[in-house]
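*Asks:* My questions all concern the structure below.
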């Protein structure tokens, strides 16, 4: 069962729902790996599939991240909607595979920026099974700006909305 930190008025299930919803809506995430000495991050387009409890990415077989994942499979993904003050992070275990059927299912016209078509033999599918997630969810830009202004005038810390961490 999910357990949320007490910084949210939402139930753990509502937090989990919102994490999955925002990660799917925002799409591009910063995908962070460990190379044994440093963290490495790069933007990737996420295919979020809550029903399969997985996040998929199409990647090239020659990417440095593939070797990093093989050695250190725990990764972090961060989605940011800075205009809406909404932030999501998930951590989980990643694998890279040459699953041609899944690659074909995940393929979109957007991928033509990197490969000619889904039959390109250099495409791999990177799959992450998330273990936990965290959410920072503010109502909107106007509310956030107003809270910052009030905090600046009063000296109090601004409340930017819900923050909660759950096990996925």
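Numbering (the working numbering), first residue to last: 25 to 192.
Ideal Cβ placement from N, Cα and C applies to all residues, glycine included.
Identify, in the order they occur along the chain, each residue of the same chain with its Cβ nearer than 6 Å to the Cβ of residue 59, setting aside the five sequence neighbours on each side.
*Replies:* Hits under 6 Å: 92.
*Asks:* Beta carbon of residue 104: closer than 7 Å to some heavy atom of the ligand GTP?
*Replies:* Of the ligands one can find in the structure shown there are none, so the ligand GTP has no counterpart to examine.
*Asks:* Please classify residue 42: is it buried, with 16 or more other beta-carbons within 10 angstroms of its beta-carbon, or exposed?
*Replies:* So residue 42 ends up on the buried side.
*Asks:* Could you give the DSSP three-state label for residue 34: helix, strand or coil?
*Replies:* Here residue 34 sits in coil by DSSP.
*Asks:* Between which two residues does the beta strand (DSSP E) containing residue 63 stretch?
*Replies:* 63 to 69 is the extent of the beta strand (DSSP E) around residue 63.
*Asks:* Short of 8 Å in beta carbon distance, which residues of its chain neighbour residue 170, apart from the five on each side in sequence? Order them along the chain.
*Replies:* For residue 170, the pLDDT reaches just 40, beneath the cut-off of 50, and the residue's location in the model is therefore unreliable, leaving the point undetermined.
*Asks:* Rounded to whole angstroms, how far is the Cβ of residue 153 from the Cβ of residue 78, which I believe are closer than 8 Å?
*Replies:* Sure, about 6 Å apart at Cβ, within 8 Å.
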